[in-house]
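Everything in the sequence shown is counted per the numbering used here, starting at 1 for the first residue and increasing by one.
Built from N, CA and C at the ideal position, the CB exists for glycine as well.
Computed from a prediction, not measured in an experiment: that's the story for all the values here.
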Amino acid sequence: MMKKKSVPASKPFLILFLCQIISALDVPLDSKLLEELSQPPTITHQSPKDYIVDPRENIVIQCEAKGKPPPSFSWTRNGTHFDIDKDEQVTMKPNSGTLVINIMNGGKAEAYEGVYQCTARNERGAAISNNIVIRPSRSPLWTKEKLEPNQVREGDSLVLHCRPPVGLPPPIIFWMDNAFQRLPQSERVSQGLNGDLYFSNVQPEDTREDYICYARFNHTQTIQQKQPISVKVFSTKPVTERQPVLLTPTGSTSTKVELRGNVLLLECIAAGLPTPVIRWIKEGGELPANRTFFENFKKTLKIIDVSEADSGNYKCIARNTLGSVHHVISVTVKAAPYWITAPRNLVLSPGEDGTLICRANGNPKPSISWLANGVPIAIAPEDPSRKVDGDTIIFSHVQERSSAVYQCNASNEYGYLLANAFVNVLAEPPRILTPANKLYQVIADSPALLDCAYFGSPKPEIEWFKGVKGSILRGNEYVFHDNGTLEIPVAQKDSSGTYTCVARNELGKIQNEVHLEIKDPTMIIKQPEYKVVQRYGQVSFECIIKHDSTLLPTVIWLKDNHELPDDERFLVGKDNLTIMNVTDKDDGTYTCIVNTTLDSVSASAVLTVVAAPPTPAIIYARPNPPFDLELTGQLERSIELSWIPGDENNSPITHFIIEYEDGLHEPGVWHYQTEVPGTQTTVQLKLSPYVNYSFRVIAVNQIGRSQPSEPSEQYLTKSASPDENPANVQGIGSEPDNLVITWESLKGFQSNGPGLQYKVSWRQKDVDDEWTSVIVANVSKYIVSGTPTFVPYEIKVQALNDLGYAPEPSEVIGHSGEDLPMVAPGNVQVHVINSTLAKVHWDPVPLKTVRGHLQGYKVYYWKVQSLSRRSRRHVEKKILTFRGNKTFGMLPGLEPYSSYKLNVRVVNGKGEGPASPDKVFKTPEGVPSSPSFLKITNPTLDSLTLEWGSPTHPNGVLTSYILKFQPINNTHELGPLVEIRIPANESSLILKNLNYSTRYKFYFNAQTSVGSGSQITEEAVTIMDEADILRPAVGAGKVQPLYPRIRNVTTAAAETYANISWEYEGPEHANFYVEYGVAGSKEDWKKEIVNGSRSFFVLKGLTPGTTYKVRVGAEGLSGFRSSEDVFETGPAMASRQVDIATQGWFIGLMCAVALLILILLIVCFIRRNKGGKYPVKEKEDAHADPEIQPMKEDDGTFGEYSDAEDHKPLKKGSRTPSDRTVKKEDSDDSLVDYGEGVNGQFNEDGSFIGQYSGKKEKEPAEGNESSEAPSPVNAMNSFV
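In structure tokens form, the structure reads like this:
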């Protein structure tokens, strides 16, 4: 079974340059030719028609074009010329028409909305781009709306409306819960195409408070969130089943218009119990195969790449066990214009004719209009060679001035197409593009293709000649192609020779020569033959070839059309393939392939592997050791060793390993000598002098190695002088005045005889000195003393023994010992690059002063002091090493606004030289680090006190602090940002006129003259206005509601506590309680009893960053409760250092001390007035200070409030007036005074826990200064 095939290789080597000619010239794709020919402009790249841009990034409007000469570019905007030179935000890229509008440097994207069009123009015409509509993307916020909870009966349908903000482009809608997990969807619950969430029927498990619609605006990479929607499902037994009703679309019919090529999406969502199943059909036809898909649990029908044939009526049917409902959607497919024949560029010769055809289709049928060089053709300059006939322009007898770019516009109500096509009239003499003297090589009896790529205008005529004086080639034996190629269908040996191609037109003539060589074909004269072989046998395939002497063949063997296995059993020879130890897997077809650069031939044969005759079980083992070793042919430097192999043990011996023992120098140690193939039993061994040899042999097969044979007889070789000298000779000094010469000693068998010694010689290099030599014993080191410091020496070490010297050794260069460098680098200069980086320069030291190998320079530098603090600190020197003979280096990591010193030292192998004089330099200011801390204390209804520490690293002179803050509502939306600049010498600030019970976020950073440093952030909450929360009791003349109500539950949350308030209508003296728990948790509600009938309560001990649910109830009133409210505590704030002044025991102790001092002062005052009218007790009763009234234990608020007194005015000093000012006549010792400049703050429940560290003087209030006596607390401060 043999196959033979021959593959001619000449045809693929020729590439045709010219395209097919269609009633016009075609310009070959030759880069050199294209650079020389004139060509009208062609738009090569432009931005899309509808271009939505990111308003935060620069706008890049693409317009690239090519032409000869290179075109110039201009733009129109909204139909008028756009002068980019008058807008500093707009630039045009060099050698391009692409516009770059700088939005990131002050421009606004909205100001550049409009319709843009690019024109590329040169002397041959003008091409225009599409109308590019620029629109910035928009991602507006959700409109505020009050969402009422949805209470739905089990089994009813429900639609949760998303109503996302209108963005550009439209957002992607999805529903998630407050844990950012997608809400599960099914046949019962799914999202519609409009983003609404549809429930075909609700179940109890649908009850939740966190149905959240998200809108993702991909263009600006933002996500907007709608307020959570609450759904509560209440059960009624039994649940009534319902037949299907369509939720969307409504009615029985609707219409849909879609454009050709788009994706058609039809939707039907139905309500009902059990959940309806949706089915789709097309009336009067079938749904298109391979383009129809069902999505959203078959509620959405999707047809891709729609065409006019997809128009028709589509019916969706919703069915459950109780009935069905259907809806018919009438679909009409329209079409924006699309090309049937787009106009193509036309290259003509003067006097030729041509046409431009522009054909498009659409629904409705598009209208065709023509422009010439961007101008409507009706008002363009007239051209007598041009005639417009609808969708065709006919050109007759064109001239060079007829060159222009024509635009075809096909448009209907759904869009437009714009195509540029130029008419280029060229008058060019002939050119031949095929390289001169090109050599073609072809196999005999194969086709030969000779190129003559050409160009000219008018089109040249081509003629072929053979030989120098040959006649024009004609006849059936040649084929002449339109692109100039000459084909010889069957090339013979006599076809070889030189061929000449001549191209001529009315403007000139040119010719080119090519050469053809005909080669003998490659043949397989002895092919592989079919073989049958027994398993574990050996087989060989032959493949003998004959080929052209000038071609170099390569032979490849394949098995079953794949590469041969990577197995050493396959041996590829020059003319054959041999397979050793054949196995069953070697069965198959083997192919011999012979390749040359011009042809390829192959032949195949089949190998069949059969089982060997039954044999006894074979035991494989390692071979037995060889024996009967014999030494013959003894010479001084060689000997012959022979042996008899041991038993192979059914595995052929692959090779033998010969080892030797040197009984004179290393008795008992065997060394590897050589190895020979397993078929060889003798070997000629090379010997060394003065070695007492013994040999042994080890046999190796595939199983393993045999035991070594018995040693041969010993053979002692004669002594001789050494053959080699020591290796790795070096000369390196260990001290400034010595030279240490070292070498690797010769091994025992390298000595070649007894009495091994070494002759060590040295002399100073480049000095006319004689060699100094010394003979040393068998050592490896010699020290030369008294040498000059670091000078080069020539060194050589020669081996010798009792019989003579080794050959003359080679010389090496060494150096005597190094010493420390003598001088320091000079002219050290420092160039400060910025506040953290400096560059240091120095002059190199003379090499003679280095006194050793120059390793580099070390720069020592250290900070002397900070220029902003004027405080010295521990000096920590830093070292930078610069390798080699560098004369500069960079000093990174410097501290800004600091004074530094540095010096430079040269380094050699011995160490460092002296330091250069210290150089002082200063770094300029930089931006400061963040303030060391920011504390917010003393929260009141409308103010907060901010305290801060200066930056740890000011990096300059602080000029000011920048404070920015903004409110945060319950949904974590940020309010307007307010910025305040604070003098640098301040360390605290009281922010007034804030909103009560409001969380604020603060951003704080320091500034130097260089700029702003990194900021520190903090959050704080003003306390709740208890005056607004405490409602007066229902008085006379007001009608109480028939049923009690708790409504308007509101929360104001901080990190670990929350103020809860509510409005109550009902009987007096109700006992309230507050229940709360983690939102979404199934744990039981936690309950807190409210002391008294107040309408507010403070929840403490909450976890920061956690969402809670809360509700309010009343005891003894039929167990009614308010609706639930949800709030989230603020994120965990950085823990602050506990101050002893804020501890309760310390405050109590100070109050006791203050009271004692007050009593003593009053007694002294009475005694000084000689027993005045009023005893101390009466005076205290008459002028009780409300600030020292006992605090209520339940919430720590000041003053006592009872139901009976709710209608009375507030006690004097217990509350600030409604206008949030403290009147003088109310209290001169109010907390407002103590909050000024005091490290005080309010606790979570609003109680004052500040420390009394000394009260500053009061600021004048409304122009009046207080002349009151100091308060008791001030007296306490004086005492302390």
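Item to check | Straight-line gap, ARG260 to GLU1018 (C-alpha atoms, nearest Å) | outcome: 57 Å
Checklist entry - Just how far apart, CA to CA, sit LEU371 and SER411? => result 14 Å
Next on the checklist: Can you look up LEU598 in the DSSP assignment and give me helix, strand or coil?
Outcome noted: coil
Item to check | Limits of the unbroken alpha helix (DSSP H) element including LEU1166 | outcome: A quick correction: the sequence has Ile, not Leu, at residue 1166. First-last of the alpha helix (DSSP H) with ILE1166: 1144 to 1168.
Item to check | Buried versus exposed, by CB contacts within 10 Å (16 or more), PHE965 | outcome: buried
Next on the checklist: Using the Cβ count rule (16 or more neighbours within 10 Å means buried), how would you classify GLU241?
Outcome noted: Residue burial annotation: GLU241 is exposed, with fewer than 16 other C-beta atoms found within 10 angstroms of its C-beta.
Checklist entry - Per the contact definition of three or more C-beta pairs closer than 8 Å, is the region 650 to 661 in contact with the region 731 to 749? => result no
Item to check | Residue closest to LEU934, alpha-carbon to alpha-carbon, out of SER706, LEU989, PRO983 and MET92 | outcome: That would be LEU989, whose Cα lies nearest to the Cα of LEU934.
Next on the checklist: Which residues does DSSP list as the beta-bridge partners of PHE293?
Outcome noted: LYS302
Next on the checklist: Could you tell me which whole beta strand (DSSP E) segments of length 3 or greater appear in the region 615 to 680?
Outcome noted: If we require 3 residues or more, the beta strand (DSSP E) runs fully inside the region 615 to 680 come out as 627 to 632, 638 to 644, 653 to 662 and 666 to 677.
Next on the checklist: Suppose you measure from the CA of PHE541 to the CA of VAL700; what does that come to, to the nearest Å?
Outcome noted: 29 Å
Checklist entry - Do the CB positions of TYR198 and ILE269 come within less than 7 Å of each other? => result A contact, by the Cβ cut-off of 7 Å.
Item to check | DSSP three-state assignment for LEU418, whether helix, strand or coil | outcome: strand
Next on the checklist: Nearest by alpha-carbon distance to VAL1298: which of GLU400, VAL797 and VAL539 is it?
Outcome noted: Outside the shown range of the chain (1 to 1280) lies residue 1298, about which nothing can therefore be said.
Item to check | Pairwise C-alpha distance: ILE518 and ILE556 | outcome: In this model, ILE556 and ILE518 are separated by some 25 Å (Cα to Cα).
Checklist entry - Which stretch, first to last residue, makes up the alpha helix (DSSP H) that contains VAL850? => result 847 to 850
Checklist entry - Which word fits ASP482, buried or exposed, when buried means at least 16 other C-beta atoms lie within 10 angstroms of its C-beta? => result Exposed.
Checklist entry - Which residues bound the beta strand (DSSP E) around ASN1059? => result 1058 to 1065
Next on the checklist: Using a Cβ-Cβ cutoff of less than 6 Å, which residues in the same chain neighbour LEU273 once the five nearest sequence positions on both sides are dropped?
Outcome noted: Non-local C-beta neighbours of LEU273 in its own chain, meaning closer than 6 Å and more than five positions away in sequence, comprise GLY155, ASN201, GLU241 and ARG242, ordered along the chain.
Checklist entry - Buried or exposed: which applies to VAL610, given that a residue is buried once 16 or more other Cβ atoms fall within 10 Å of its Cβ? => result exposed
Checklist entry - Where does GLU382 fall in DSSP's three states? => result coil
Checklist entry - Apart from the five residues just before and just after VAL1347, which ones in its own chain have a Cβ nearer than 8 Å to its Cβ? => result Missing from the structure shown is residue 1347; the chain here goes from 1 to 1280 and no further.
Checklist entry - Among residues of its own chain, excluding the 5 on either side of ARG705, which ones have a beta-carbon nearer than 6 Å to its beta-carbon? => result ILE698
Checklist entry - Given SER1298, which residues of its chain have a CB within under 7 Å of its CB, disregarding the five upstream and five downstream residues? => result With the chain covering only 1 through 1280, there is no way to say anything about residue 1298.
Item to check | Through-space distance from PHE921 to TYR900, alpha-carbon basis | outcome: 5 Å
Item to check | Start and end residues, beta strand (DSSP E) containing ASN701 | outcome: 692 to 701
Item to check | Option nearest SER396 by Cα separation, candidates SER385, SER835 and ASP389 | outcome: With distances taken between Cα atoms, SER396 lies closest to SER385.
Item to check | C-alpha gap between VAL832 and PRO844, whole angstroms | outcome: 21 Å
Next on the checklist: I want to know whether the region 835 to 843 touches the region 894 to 909 - three or more CB-CB distances under 8 Å.
Outcome noted: yes
Next on the checklist: Taking only three categories from DSSP, how would you classify GLN750?
Outcome noted: helix
Next on the checklist: Taking the beta carbon of GLN634 as the centre, do at least 16 other beta carbons fall within 10 Å, making it buried, or is it exposed?
Outcome noted: exposed
Next on the checklist: According to DSSP, simplified to helix, strand and coil, what is TYR214?
Outcome noted: strand
Next on the checklist: Strictly by DSSP, which residues pair up with PHE234?
Outcome noted: ARG153
Checklist entry - What is the residue span of the beta strand (DSSP E) that PRO521 lies within? => result Neither: PRO521 is in no beta strand (DSSP E) and is coded neither H nor E.
Next on the checklist: Check whether the region 247 to 256 and the region 319 to 329 are in contact - that is, three or more C-beta pairs closer than 8 Å.
Outcome noted: Touching, yes.
Checklist entry - Between VAL898 and the rest of its own chain, which residues show a CB-CB distance below 8 Å, the 5 nearest in sequence each way excluded? => result Here residue 898 turns out to be Ser, not Val, going by the sequence shown. Answer for SER898: LYS863, VAL864, GLN865, SER866, LEU867, LYS922 and THR923, listed in chain order.
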